[in-house]
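The structure appears right after this line, and notes come after that.
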Amino acid sequence: MMARAAFLVIAGIAVAAALALVLRRNTVHGALFLVVNLGCVAALYLMLGAIFLAAAQIIVYAGAIMVLFVFAIMVLIPGKEETGPDPRRTWRLLAAPLGGALLLELILLVVGRTAAPAPTGAAPSDNVAAIGRLLFTDYLLPFELTSVLLLAAMVGVLLLARSREGSAEPQGAGPEASVRGSAKPQGSEPEASLR
Amino acid sequence: MSVPPAVSMFIAAFILLNAIVGVVTYITLLERKFAARMQSRIGPYYVGWPHGWLQPIADAVKLMIKEDIVPAPADRAVYNLAPLVFLVPCMLVFATIPFAPGLGVADLNIGVLFFLAVSALEIVGLFMGGWGSNNKYALLSAMRAVNQIISYDLPFIFAALVPVLLTGSMQMSAIVGAQHGLAGWFVLYPVIGQLAFVAYLIAALAAENRVPFDILEAESELIAGFRVEYSGMKFALIQLGEYAHMLGTSFLGALLFLGGWLGPGPAWLGPIWFLLKAVFVFLILTWVRWSFVRIRVDQILAISWKLLLPATVVLLLATGFVVAAGGGRGL
Numbered sequence: 002m003m004a005r006a007a008f009l010v011i012a013g014i015a016v017a018a019a020l021a022l023v024l025r026r027n028t029v030h031g032a033l034f035l036v037v038n039l040g041c042v043a044a045l046y047l048m049l050g051a052i053f054l055a056a057a058q059i060i061v062y063a064g065a066i067m068v069l070f071v072f073a074i075m076v077l078i079p080g081k082e083e084t085g086p087d088p089r090r091t092w093r094l095l096a097a098p099l100g101g102a103l104l105l106e107l108i109l110l111v112v113g114r115t116a117a118p119a120p121t122g123a124a125p126s127d128n129v130a131a132i133g134r135l136l137f138t139d140y141l142l143p144f145e146l147t148s149v150l151l152l153a154a155m156v157g158v159l160l161l162a163r164s165r166e167g168s169a170e171p172q173g174a175g176p177e178a179s180v181r182g183s184a185k186p187q188g189s190e191p192e193a194s195l196r
Numbered sequence: 099m100s101v102p103p104a105v106s107m108f109i110a111a112f113i114l115l116n117a118i119v120g121v122v123t124y125i126t127l128l129e130r131k132f133a134a135r136m137q138s139r140i141g142p143y144y145v146g147w148p149h150g151w152l153q154p155i156a157d158a159v160k161l162m163i164k165e166d167i168v169p170a171p172a173d174r175a176v177y178n179l180a181p182l183v184f185l186v187p188c189m190l191v192f193a194t195i196p197f198a199p200g201l202g203v204a205d206l207n208i209g210v211l212f213f214l215a216v217s218a219l220e221i222v223g224l225f226m227g228g229w230g231s232n233n234k235y236a237l238l239s240a241m242r243a244v245n246q247i248i249s250y251d252l253p254f255i256f257a258a259l260v261p262v263l264l265t266g267s268m269q270m271s272a273i274v275g276a277q278h279g280l281a282g283w284f285v286l287y288p289v290i291g292q293l294a295f296v297a298y299l300i301a302a303l304a305a306e307n308r309v310p311f312d313i314l315e316a317e318s319e320l321i322a323g324f325r326v327e328y329s330g331m332k333f334a335l336i337q338l339g340e341y342a343h344m345l346g347t348s349f350l351g352a353l354l355f356l357g358g359w360l361g362p363g364p365a366w367l368g369p370i371w372f373l374l375k376a377v378f379v380f381l382i383l384t385w386v387r388w389s390f391v392r393i394r395v396d397q398i399l400a401i402s403w404k405l406l407l408p409a410t411v412v413l414l415l416a417t418g419f420v421v422a423a424g425g426g427r428g429l
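Protein chains in written order, with the numbering used here: chain A, 2 to 196; chain B, 99 to 429.
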């Protein structure tokens, strides 16, 4: 009973924060609502007894990604509110059917599920050692794939940052930047395979 | 008489919170006296005899009765919430620290991770303060803070993970339990322990925005950084949070590397040993603060990404090898 009430309160806050995130014009307020939302998701993990997951959620999302997100907002948007019309207005036409498809999928999944999934193992989910063992045995391939994906993203970010730096310099604008840009992806391959 | 667990936990949290506020209040006096000695001064002297021991109380009362000013162009909701959002994580950090066997609010089996996760939330409050004030210096400070804290979070976590790896557990009481005997302290662990402790101290200085890394409140350029617009009680809350975080980091350092409550004498001396060790770590940090000059933003970032981060990754790998060679105790 208590758990159900707590769940409803937390879920309500999460949904309200998510709505506010989308609907607020002020981007910084939106980002702060995202923190609230991610915190609520961490609280839901806690209610499921997954303490490790909750802490990881906070440390990764509410901490690090939040910081980067806020940083991007502050660097990209000069004023408090967006100015001028959205240059990619036509893209919204594509967004509606895609979003609708995703929503339909979610609804189908929720409706199609009959009962809560039975716990697969005897190990408690907050046990760090058990999670570690699972990650390096049963789920090794997804784990490694994710790390390669993250590494590729990191290399990509470096590449983007470098080419912009190159074009900002007046003398080394054109060919040099593109040479640097084309040289980098080849270098990323062995790095990725090293893992 | 038996007390339901929820109530006893609440009482424990209440006592702990008040104790922490008390210690934090007096640690400011300690720092001022320490700094004064380093500069051949006396420090606060006139409020209370001997040696101005009532000074922190006087400061607190002064801050409480000061006028509360909200700047007209400020983002009111964000501005007013920021001190709270800043303070709560700084205080929550103490929730998982055991001060003696069984003497703590919650000895979670992921205690260290909880500490790291909660203290990572502090930046949100800091950013809210800097943004909400609508002041260019505060905003610059918030930008610098975000920059610095993402840079030093990783070395801090990696350094803190070295004792975790050596113990094979994230539970704080287990980490202390693994350090029995004076030679068992992780700071005395050959090579790895000392390097990890030094890395921890450097990253802690940066995470707490103390002097060699205090670019976000550099008085000479940014007045007081993100809290420049705050006054009265809100300023006091921010200050309290900052010192509480510092104290929490000192406690964690004492727990991870200096054997926590372990020490000679009867068991009830444990919390006192722990406090003394934490104050020792705090004094190391203060010593550095009053000895060095502020370094530039780019130097701070270069130290983190080019030196401290690779070094701590290598250290963590080396620890992993040592643990694996020793038969992987714990795991």
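Where a beta carbon is used, it is the ideal one built from N, C-alpha and C, also for glycine.
Worksheet item: So the alpha helix (DSSP H) B/Trp385 belongs to, where does it begin and stop?
Response: DSSP places B/Trp385 inside the alpha helix (DSSP H), whose first and last residues are Gly368 to Ser389.
Item to complete: Using a threshold of 8 Å, state whether the C-beta atoms of B/Ile118 and B/Met189 are closer than that.
Response: Yes, the Cβ-Cβ distance between B/Ile118 and B/Met189 is below 8 Å.
Practice prompt. Return the residue from the list B/Met107, B/Arg130 and B/Met136 that minimises the CA-CA distance to B/Trp151.
Written response: Nearest of B/Met107, B/Arg130 and B/Met136 to B/Trp151, Cα basis: B/Arg130.
Worksheet item: Within 10 angstroms of its Cβ, does B/Gln269 collect 16 or more other Cβ (buried), or is it exposed?
Response: By the 10 Å Cβ count, B/Gln269 comes out buried.
Practice prompt. Please confirm whether B/Phe256 and B/Trp359 have their CB atoms less than 8 Å apart.
Written response: Going by C-beta atoms, B/Phe256 is not nearer than 8 Å to B/Trp359.
Worksheet item: Under a CB-based cut-off of 8 Å, is B/Trp283 close to chain A?
Response: So no, B/Trp283 is outside the interface.
Worksheet entry | Under 7 Å from the C-beta of B/Phe212: neighbouring residues of chain A | Going along chain A in sequence order, the residues near B/Phe212 (Cβ under 7 Å) are Ala56.
Worksheet entry | Cβ-based neighbour list, B/Gln137, same chain, cut-off 7 Å, excluding 5 preceding and 5 following | Excluding the 5 residues flanking it on each side, B/Gln137 has no same chain C-beta neighbour closer than 7 Å.
Discussion item. Within 10 Å of its beta-carbon, does B/Gln397 have 16 or more other beta-carbons around it, so buried, or fewer, so exposed?
Written reply: It is exposed - the Cβ of B/Gln397 has fewer than 16 other Cβ atoms within 10 Å.
Discussion item. Less than 8 Å between CB atoms is the rule here; does A/Val129 satisfy it with respect to chain B?
Written reply: It does; some Cβ of chain B falls within 8 Å.
Worksheet item: Can you list, in chain order, the residues of its chain whose CB lies under 7 Å from that of B/Gly125, leaving out five sequence neighbours each side?
Response: Here the sequence assigns Ile to residue 125 of chain B, which means Gly is not the residue at that position. The residues are Tyr341, Leu345 and Phe380.
Worksheet item: Which residue or residues does DSSP assign as beta-bridge partners of B/Pro201?
Response: The sequence given here places Leu at residue 201 of chain B; Pro does not occur at that position. Partner residues in the beta bridge of B/Leu201, as assigned by DSSP, are B/Ala198.
Worksheet item: When you compare each of B/Gly282, B/Lys404 and B/Leu320 to B/Leu353 by their alpha carbons, which one comes out closest?
Response: Looking at the Cα atoms, B/Gly282 is the closest of the given residues.
Worksheet item: Does DSSP classify B/Leu360 as helix, strand or coil?
Response: Here B/Leu360 sits in coil by DSSP.
Practice prompt. Name, please, each residue of chain B whose Cβ falls closer than 7 Å to the Cβ of A/Val36.
Written response: Those are Val222, listed as they occur along chain B.
Worksheet item: With respect to the alpha helix (DSSP H) encompassing A/Thr91, which residues constitute its N-terminal and C-terminal limits?
Response: For A/Thr91, no alpha helix (DSSP H) encloses it, and the DSSP letter there is neither H nor E.
Discussion item. Quick check on the burial criterion: 16 or more other C-beta atoms within 10 angstroms. Buried or exposed for A/Ala124?
Written reply: With a pLDDT of 45 at A/Ala124, under the threshold of 50, the predicted position of this residue should be treated as unreliable, and no value is reported.
Item to complete: Could you tell me the distance, in whole angstroms, from the CA atom of B/Asn233 to the CA atom of B/Arg394?
Response: Roughly 22 Å between the two C-alpha positions.
Worksheet item: Using DSSP with H/G/I as helix, E/B as strand and the rest coil, what is B/His343?
Response: Here DSSP, grouped into helix, strand and coil, assigns B/His343 to helix.
Item to complete: State the Cα-Cα distance for the pair A/His30 and A/Asn38, rounded to the nearest angstrom.
Response: Whole-angstrom Cα-Cα distance: 12 Å.
Worksheet item: In this structure, does DSSP put A/Ala19 in helix, strand or coil?
Response: Assigned with DSSP and collapsed to three states, A/Ala19 falls in helix.
Item to complete: To the nearest angstrom, report how far apart B/Leu373 and B/Pro102 are at their CA atoms.
Response: When only Cα atoms are considered, B/Leu373 and B/Pro102 end up about 29 Å apart.
Discussion item. Once DSSP output is grouped into helix, strand and coil, what is the label at B/Arg130?
Written reply: Three-state DSSP puts B/Arg130 in a helix.
Worksheet item: For a contact meaning CB atoms closer than 8 Å, what does A/Ala33 contact in chain B?
Response: The amino acid occupying residue 33 of chain A in the given sequence is Leu; Ala does not appear at that position. Within chain B, the residues placing a beta-carbon under 8 Å from that of A/Leu33 are Val176, Val222 and Met226, ordered along the chain.
Worksheet item: Counting pairs of beta carbons, one from the stretch 225-232 of chain B and one from the stretch 168-183 of chain B, are three or more of them closer than 8 Å?
Response: The stretch 225-232 of chain B is in contact with the stretch 168-183 of chain B.
Worksheet item: So is A/Ile60 buried or exposed if we call it buried at 16+ other beta carbons inside 10 Å?
Response: So A/Ile60 counts as buried.
Worksheet entry | the stretch 158-175 of chain B in contact with the stretch 297-317 of chain B per 3-pair CB rule at 8 Å | No, they do not touch.
Worksheet item: How would you label B/Thr347, buried or exposed, when you count the other beta carbons within 10 angstroms and need 16 or more for buried?
Response: Taking a 10 Å sphere around the C-beta of B/Thr347, we find 16 or more other C-beta atoms and assign the residue as buried.
Worksheet item: With C-beta atoms as the reference, is B/Val262 less than 8 Å away from B/Leu413?
Response: Cβ atoms of B/Val262 and B/Leu413: not closer than 8 Å.
Practice prompt. Over the uninterrupted alpha helix (DSSP H) stretch that includes B/Lys234, give me the two end residues.
Written response: Bounds of the alpha helix (DSSP H) holding B/Lys234 are Lys234 to Thr265.
Discussion item. Here's the rule: buried if 16 or more other CB atoms are within 10 angstroms of the residue's CB, otherwise exposed. What is A/Ala174?
Written reply: Low confidence applies here, because A/Ala174 scores a pLDDT of 38, under 50, leaving its location unreliable; read the following figure in that light. Classification for A/Ala174: exposed.
Worksheet item: Out of curiosity, what's the CA-to-CA distance linking B/Arg325 and B/Gly424?
Response: CA-to-CA, the gap between B/Arg325 and B/Gly424 works out to about 49 Å.
Worksheet entry | Whether B/Asp166 touches B/Gly323 by CB criterion (8 Å) | Taking 8 Å as the Cβ cut-off, B/Asp166 and B/Gly323 do not qualify as a contacting pair.
Practice prompt. Note down, in chain order, every chain A residue with its Cβ under 7 Å from the Cβ of B/Leu185.
Written response: Correct list: empty, because the minimum Cβ distance to chain A is about 16 Å.
Practice prompt. Kindly indicate which residue of B/Val105, B/Ile140, B/Leu114 and B/Phe254 has the alpha-carbon position closest to the one of B/Val411.
Written response: For B/Val411, the closest C-alpha among the options B/Val105, B/Ile140, B/Leu114 and B/Phe254 is that of B/Phe254.
Worksheet item: Checking contacts by CB at 8 Å: is A/Val158 closer than that to chain B?
Response: A/Val158 has a beta carbon lying at 8 Å or more from every beta carbon in chain B.
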